[in-house]
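Worksheet: the structure to be examined is printed underneath.
In our numbering, the protein residues as written are 5 to 179.
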């Protein structure tokens, strides 16, 4: 069963990305604090539901894919790229994101969304008033900017969580 099929069945996103199942010791450790694993899955569900106000599903998947690419998180990048196949995104935009050529994107709103994503991912101290103003100038509302910043924060956490669990799993398996 593919990761996408597993996710479609409602399984935990992080467990699926790491390849954890109940027979793994690491699975038990991760779920020992069920509030944390439940809250993490809740964030995933919330941020990638169809009707999140202010940011389209395509924009959210592009942000997620871009963060995974910038963070060199191949399993997450692969999954978010697969999800992008189900939403309308031009090949030009996909290539611009994949090759980190955001300035090639003609849509000002999307370009600024991805610039802000890059700033908060790689140089978060530069996420200042000017960066926020650029988002407003591109037409994002205050609630959309807040949702974007929260999404980026969650995805940064997700990248680190998956990387840590993958390292622990490799150690557990003796790799």
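Idealized CB from N, CA, C, for every residue including glycine.
Limits of the unbroken alpha helix (DSSP H) element including residue i
| i | result |
| --- | --- |
| residue 146 | 146 to 176 |
| residue 116 | 112 to 126 |
| residue 35 | 29 to 35 |
| residue 101 | 95 to 102 |
| residue 52 | Element bounds for residue 52: n/a, residue is neither H nor E. |
| residue 59 | Run containing residue 59: none; DSSP gives neither H nor E here. |
| residue 18 | 17 to 22 |
Test: residue i CB closer than 9 Å to a CB of chain D
| i | result |
| --- | --- |
| residue 37 | You won't find chain D in this structure, because it holds only one protein chain. |
DSSP three-state assignment for residue i, whether helix, strand or coil
| i | result |
| --- | --- |
| residue 10 | Bear in mind that the predicted position of residue 10 carries a pLDDT of just 43, short of 50, making it unreliable; the figure below should be weighed with that in mind. Here residue 10 sits in helix by DSSP. |
| residue 67 | helix |
| residue 85 | helix |
| residue 5 | Residue placement at residue 5 is flagged as unreliable, the pLDDT there being 41, under the threshold of 50; a coordinate-derived value is accordingly withheld. |
| residue 133 | helix |
| residue 79 | helix |
| residue 106 | helix |
| residue 40 | helix |
| residue 46 | helix |
| residue 142 | coil |
Cβ neighbours of residue i in the same chain (closer than 7 Å, five flanking residues each side left out)
| i | result |
| --- | --- |
| residue 91 | 61, 62 and 65 |
| residue 121 | 67, 70, 71 and 156 |
| residue 130 | 123 |
| residue 4 | Given that the chain is displayed from residue 5 to residue 179, the structure contains no residue 4 and the question cannot be resolved. |
Spatial neighbours of residue i in its chain, beta-carbon cut-off 8 Å, leaving aside the 5 residues before and after
| i | result |
| --- | --- |
| residue 3 | With the chain covering 5 to 179 only, the question about residue 3 has no answer from this structure. |
| residue 13 | With a pLDDT of only 45 at residue 13, under 50, the local geometry of the prediction cannot be trusted, and the value read off the model is given with reservation. Excluding residues within five positions, none has a Cβ falling inside 8 Å. |
Beta-carbon contacts of residue i that lie in its chain and below 6 Å, excluding the five residues immediately before and after
| i | result |
| --- | --- |
| residue 77 | 163 |
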